[in-house]
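First comes the structure, then the notes that go with it.
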Amino acid sequence: KEAKKKLEQYGPNEIKEISNNSPFKILLRQIKSNFIIYLLLIATVLSFIVGKNVTGYTILVVILMVIVVGFMQEYRAEKALKMLKKMIMPVSITIRDGKEKEELSINLVPDDLIILRSGEKIPADCVILEQKELLVNEAVLTGEFKEVTKELAVNMKNYSDSNMLFMGAFVIKGRCICKVLHTGMNTRFGKIAKMISTAEKELPLQKKVNTIAKYMASFAIFISIITGLLMIFRAEAVSSEFLIEVLILVIALSVSAFPEGLPVVLITSLASGAYKMAKKNAIVNRMSVIETLGETTVICSDKTGTITKGEMTVKKIFSDNRQLDISGAGYETTGKFLLGGKEIDVSKDSVLNLMFKAATFCNDTRIERIGDDNIYRPIGTPTEAALLIMSAKAGILKDDLKFERLEEIPFSSDRKMMSVFGKFESKNYVFVKGAPEILLDKCKSVQRKDGIFTLTSRDKKRILGINKEMTKGTMRTLSIAYKKSTPSNKNKLEEELVFLGLVGMEDPPREEVKESIKTCINAGISVKMITGDNKETAIAIAKQIDLEGQVIEGYELDKISDSELESKIKLITIFARVRPEHKLRIVKALKNIGEVVTMTGDGVNDAPALKEAHIGIAMGKNGTDVTREVSDLTLKDDNFVTIVSAIKEGRTIFRNIKKFVTYQLSCNFAELTILFMGVLLAPIFGWQIPILLALQILFMNLVTDNLPAITLGFNPSSTDVMDDKPMKKAEILDKKLILLLIFTGMILAILTLVTIYVSFNIFNNDFEYARTTALVSLIILEIASAFNFRSFRKGVLNRSLFVNKYLVLASVISFIAAIIIVYTPLNGVFGTVAIPLVGWAYALIPGICLIGLFDLLKYINHKKKFFNLEHV
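So the sequence shown is numbered by our numbering: it starts at 1498 and just counts up by one.
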């Protein structure tokens, strides 16, 4: 209740976004930065000058619609991006009412007690109450990338930088308990944020699209001017009114062929695609990653929790010369301890009880009961949670034990050990857990039920043999040790230990991973499994998921040079007993041989490898804040399958971008060609100039060009998207697509010109009827072309019309709009006439021919492979 009151008083613990993208600014941007608006305003003024008021008012309506459409698209994209940022809400471990619990960081209030550990982002300004070996990185505030030591606040009234933690900084090492002082905009980070405004950087894809738009605009203006000059040259008499009409047409043609909507459609498509990926548990942290996803050639994936389920369960124990089996699975505390297949009562076993307590004390994780069942959820790591569940099955719960932790040496991937020193039942103890081969070297004795005995080389050999047996399956192992002592210094905490036992825990692979690896291989993507576990466990898991290839261990990596690694790395698929610095070497070696690398990571020390990789992927469930900060993607479910799903979605998004860009430019090219060729052909066939009027061109630009182009950005993933090899270079328009858009544009133009020729003769040389028929025909042709562009492999007739329901809707709207401007009083505005039914037949035939032609070309291309349109 107190926290709720303070939340109302101080507000949510968040940095309010200082954005340049308020609705008003987005609206203003449609006017200020849109060159099209200014061209159309000139055309409006010219229309009023020559007395064409209807044309002038109509162009004003077009201007309004251009602004509204641009605003709606950009505003929608902005909303999608904001929703994306809220997909992963940071959590903090708080102590409220004497209990540790997870709380959304946004709900933290002053005076909250929070626990911070290595790798976590500091969620608010805090004062330190307790700390163990605490090091933080405050680069976000100071700009200096160095480790900063902190001390306890002795006097709670005098705070200084030395005993405070600040929002946005990271815990690099150690742990602490601290009290929240300031939240949200009252933090030091919040005060800095008030003084700055953030501007979105232009994405590489945006730069490419803007470059394409500039080239097309230059070409469009050039052809439009040439067309206008030809009209003047061909005219029998040139009056000022005629010149203004030509200028209006040139402006309309330039506007129509000017692909002003491409950048906005691009962002809308990217935002929409990223939102789809988010719904499939892949959160895009940087939009530019979508471009790279389609280029991925190698996935370097952690084993634990990504390829495997991430739900560790202790299945075997070796202690006091006995090997026990434990029943049960997951985070359920019901289970039996079996010796030789028979249940035993472990509550009376002093050695096992001591081992269970050691596993509980040397543990930073907590388990929280879900409902009234014996099922718990971990607040911490799966490995430590498995140890707590093991102890809970023996009736030993962390909350029931009073252990005062006085000193600790945290676990690190370099040491592969964790030690704690403290008081239990008025005695001083050191409890240690770690990798068996490392911990055994620290042990001098072994605990048995009848006392402590010297740990002989024979004992060590037997323990390591059992360890090897366990790891031959899919188990990972940990050893547990202790000693009674009061060490004079920290360096002696881990010396002369007493061996308590060995635990083997299982984390089976996810069932769906096997199929996903097949998908990757089919898509030309190699998968490499990276684990801190030993070789035997890694090989056993790899066999279960059909991952084949050579194996290398961390110590072997240390022995070979970078050039040697580069020569061998293609054949290596399993990396065992690796450290974070090995991950960085692996990424660099793969990059040096030309691979595009996707790397997963969860720990603080994984951050350099994630930054080095082309795509860094952080874990959303078990990852640290540091890795999430540097990553390009975050997996909400920590699942390997989600990586493959993200690559598939990334390929689809990029394919769709190529399709809508090529489609829209082909329509623009067709309209330019029709007007230009019309001026040349008109005197030969007795046609009027221009073939299409200014308002007709603007109508097509607004309705039949833009609507289908936008909807092509929402094409769903096709079944063949993972049949292609990775893209070599993510170019939106390559030579093949430029040829395709020119070819398509020419076909559209030729079919439209043929329609004019035929209908002009059918309608007894009445050009008004011929022009209207040609306009309707071009609209139908552009709709048909959009359906062709859904896939460059499958014909329109081989796919359901409703594969892309948005395209169907856009086509219906375009078709209805065409009917409205032909058969309502608006025909007087747009210069059309009500053509008879036979006119629609002549308009429809070219569209049918276009679909038939492209379906035939796709079929021939599929058989003969004349024109390879892979990746489209």
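Cβ coordinates follow ideal geometry from the N, Cα and C atoms, glycine included.
Cβ neighbour criterion (16 or more within 10 Å) applied to residue i
i	result
residue 1879	buried
residue 2110	buried
residue 2068	exposed
residue 2245	buried
residue 2161	buried
residue 2376	Residue 2376 is absent from the model: the chain starts at 1498 and stops at 2369.
residue 1784	buried
residue 1832	buried
residue 2180	exposed
residue 1751	buried
residue 2282	buried
residue 2257	buried
residue 1594	exposed
residue 2295	exposed
residue 2010	buried
residue 1955	exposed
residue 1665	buried
Same chain only: Cβ atoms within 7 Å of residue i, ignoring 5 sequence neighbours per side
i	result
residue 1749	1540, 2191, 2194 and 2195
residue 1827	1808 and 1810
residue 2088	2094
residue 2046	2068, 2069, 2070 and 2071
Beta-carbon separation (whole angstroms), residue i vs residue j, contact threshold 8 Å
i	j	result
residue 2298	residue 1709	Wrong, their Cβ atoms sit about 29 Å apart, outside the cutoff.
residue 2033	residue 1968	4 Å
residue 2315	residue 2273	6 Å
residue 1893	residue 1854	6 Å
residue 2212	residue 2285	With a Cβ gap of about 12 Å, residue 2212 and residue 2285 do not count as contacting.
residue 2176	residue 1724	6 Å
residue 2000	residue 1887	7 Å
residue 2348	residue 2312	Contact doesn't hold; Cβ gap of about 15 Å is too wide.
CB contact flag (residue i, residue j, <7 Å)
i	j	result
residue 1631	residue 1643	no
residue 1793	residue 2093	yes
residue 2323	residue 1720	no
residue 1668	residue 1615	yes
residue 1997	residue 1980	no
residue 1856	residue 1977	yes
residue 2003	residue 1812	yes
residue 1919	residue 1901	yes
residue 1619	residue 1650	no
residue 1791	residue 2157	no
residue 1622	residue 1663	yes
residue 1786	residue 2210	no
residue 2027	residue 2006	no
residue 1842	residue 1946	no
residue 2355	residue 2292	yes
residue 2264	residue 2184	yes
residue 2307	residue 2238	no
residue 1773	residue 1830	no
residue 2242	residue 2327	no
Residues of its chain near residue i, where Cβ-Cβ distance is below 6 Å and the 5 sequence neighbours each way are ignored
i	result
residue 2030	1973
residue 1746	2187 and 2191
residue 2368	With a pLDDT of 49 at residue 2368, under the threshold of 50, the predicted position of this residue should be treated as unreliable, though the coordinate-derived value follows. Excluding sequence neighbours, residue 2368 sits near 2221 and 2224.
residue 1970	2037
residue 1612	1590 and 1674
residue 1921	1900
residue 1928	1855, 1858, 1859, 1917 and 1979
residue 1939	1991 and 1994
Beta-carbon proximity list for residue i, same chain, < 8 Å, skipping 5 on both sides
i	result
residue 1802	1879, 2004, 2099, 2116, 2118, 2119 and 2135
residue 2020	2144, 2219, 2220, 2221, 2222 and 2223
residue 2317	2323
residue 1562	2199
Near the ligand FMN: residue i beta-carbon under 6 Å from a heavy atom
i	result
residue 2340	In the structure on display, the ligand FMN does not appear, and there are no ligands present to speak of.
* To do: Please list the segments of the alpha helix (DSSP H) lying wholly inside the stretch 1849-1897, counting only runs of 4 or more residues, in order along the chain.
  => List check, alpha helix (DSSP H) in window: 1879-1890.
* To do: Quick one: which unbroken beta strand (DSSP E) runs of 3-plus residues sit fully inside the stretch 1768-1800? Chain order, please.
  => 1779-1781 and 1795-1799
* Taking the runs of the alpha helix (DSSP H) that are 4 residues or longer, which of them lie wholly in the stretch 2000-2026? -> 2010-2019
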